[in-house]
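*Asks:* Encoded as structure tokens, here's the structure I'll be asking about.
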């Protein structure tokens, strides 16, 4: 399922998935798997003949495994014969061939649930990274030989000194050389109460100097 999703969202990488795929909980796919799981449980639990169970197993298998087979087909057309989709297709097809119908369906269901959970976790991680990137200021006040210059943070080197004015974010991790005040660390720690800042204290990029002017040596 993950390969199919990546193919369908190739344009997302160009826009950093701006349309919010990383936050979608895959509701439609979860519903589809829930239907497949329901059919599987009914077929497995009912004390009826195999002729009644088999259609339920087949329906559950094709509902849950359709994307795997589609991805497998497209990969084979492109010359990619062995990936997780083709291996899953071969494994479950083998189970069908030896008469292990419940096992074939269960393996496909568990695989698809695992893929969805993996995609959801990856989306959450991307969201967290984007949020942290948003905390980084666009500039740093570099202090050299008593003069202040606005530069992009990426050009600042370890050991350089930057100036942080009240209301500004600390552009880079470092140690306070001089100055004192309070820091708003809520964006990083969730703590709403300002933290006291003083010389010699380590500070992290992204925190806000609430009421003090700080000289920070980049570490």
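In the numbering used here, the protein residues as written are 104 to 322. All C-beta atoms in this analysis are idealised placements derived from N, C-alpha and C, irrespective of residue type, glycine included. The structure displayed is predicted, hence computed values, not measured ones.
1) Secondary structure at residue 290, three-state DSSP: helix, strand or coil?
2) Give every residue of the same chain whose Cβ lies closer than 8 Å to the Cβ of residue 268, excluding the five residues on either side of it in the sequence, and list them in chain order.
3) Which residues share a DSSP beta bridge with residue 243?
4) Decide yes or no for the touch test of the segment 196-211 against the segment 141-157: beta carbon pairs closer than 8 Å, at least 3 of them.
5) How far does the alpha helix (DSSP H) with residue 197 in it reach, from first residue to last?
6) I'd like to check one pair, residue 260 with residue 321: are the Cβ atoms closer than 8 Å?
7) Which residues does DSSP pair with residue 320 in a beta bridge?
8) State the beta-bridge partners of residue 300 as determined by DSSP.
9) Since residue 204 and residue 160 should fall inside the 8 Å C-beta cutoff, what is the C-beta to C-beta distance between them, to a whole number of angstroms?
10) Let's test the definition: count the other Cβ atoms within 10 Å of the Cβ of residue 136 and tell me whether it reaches 16, buried, or not, exposed.
11) By the three-class DSSP mapping on this structure, what secondary structure does residue 305 have?
12) Return the chain-ordered list of same chain residues with a C-beta closer than 6 Å to the C-beta of residue 287, the five sequence neighbours on each side being excluded.
13) Does the distance from the CB of residue 133 to the CB of residue 220 come in under 8 Å?
14) Do residue 246 and residue 264 count as a contact pair if the criterion is CB distance below 8 Å?
15) Buried or exposed, going by whether 16 or more other CB atoms sit within 10 Å of the CB of residue 250?
16) Which whole-angstrom value is the C-beta distance of residue 216 and residue 191, which I expect to be below 8 Å?
17) With residue 302 and residue 281 assumed to form a contact (beta carbons below 8 Å), what rounded beta-carbon distance in angstroms separates them?
18) What first and last residue would you give for the alpha helix (DSSP H) that runs through residue 269?
19) Smallest Cα separation from residue 275: which of 222, 158, 318?
20) Is the CB-CB distance between residue 175 and residue 152 below 8 Å?
*Replies:* Looking at the coordinates:
1) What you label residue 290 is simply residue 187 of the chain shown in a count that begins at 1. Three-state result, residue 290: helix.
2) The residue labelled residue 268 in the question sits at position 165 within the chain shown. So the qualifying residues of the chain are 244, 312, 316.
3) On the chain shown, residue 243 is found 140 positions in, with the first residue counted as 1. Bridge partners of residue 243: 254.
4) yes
5) Taking the first residue of the chain shown as position 1, residue 197 is located at position 94. Looking at the DSSP string, the run of the alpha helix (DSSP H) that includes residue 197 is 187-200.
6) Position 218 of the chain shown, counting from 1, holds the residue named residue 321. Position 157 of the chain shown, counting from 1, holds the residue named residue 260. Yes; because the gap between Cβ atoms is below 8 Å, this pair is in contact.
7) Within the chain shown, residue 320 is the residue found at index 217, counting from 1. BP columns for residue 320 point to 264, 278.
8) The sequence position of residue 300 within the chain shown is 197, counting from 1. Residue 300 is bridged to 284.
9) Against the chain shown, residue 204 aligns to sequence position 101. Against the chain shown, residue 160 aligns to sequence position 57. Correct: roughly 5 Å between the Cβ atoms.
10) The residue given as residue 136 occupies position 33 in the chain shown. Its Cβ being crowded by 16 or more others within 10 Å, residue 136 is buried.
11) Residue numbering aside, residue 305 sits at position 202 when the chain shown is read from its first letter. In the structure shown, residue 305 sits in a strand (DSSP, three-state: E or B).
12) The sequence position of residue 287 within the chain shown is 184, counting from 1. Contacts found: 297, 311, 313.
13) Stepping through the chain shown from its first residue, residue 133 is reached at position 30. Stepping through the chain shown from its first residue, residue 220 is reached at position 117. Cβ distance not < 8 Å, so residue 133 and residue 220 don't count as in contact.
14) The residue given as residue 264 occupies position 161 in the chain shown. The residue given as residue 246 occupies position 143 in the chain shown. It is a contact, given that the beta carbons lie within the stated cut-off.
15) Along the chain shown, read from residue 1 onward, the residue named residue 250 stands at position 147. Residue 250 comes out exposed.
16) Within the chain shown, numbered from 1, the residue matching residue 216 stands at position 113. Within the chain shown, numbered from 1, the residue matching residue 191 stands at position 88. 13 Å between Cβ atoms; not a contact.
17) What you label residue 302 is simply residue 199 of the chain shown in a count that begins at 1. What you label residue 281 is simply residue 178 of the chain shown in a count that begins at 1. Contact holds; Cβ gap of about 6 Å.
18) As a first step, residue 269 is located in the chain shown; it is residue number 166 there, counting from the start. It is not in any alpha helix (DSSP H) - residue 269 carries neither H nor E in the DSSP assignment.
19) Locating residue 275 in the chain shown gives position 172, where the first residue counts as 1. Nearest option by C-alpha distance: 318.
20) Counting from 1 along the chain shown, the entry for residue 175 is found at position 72. Counting from 1 along the chain shown, the entry for residue 152 is found at position 49. It is not a contact, given that the beta carbons lie outside the stated cut-off.
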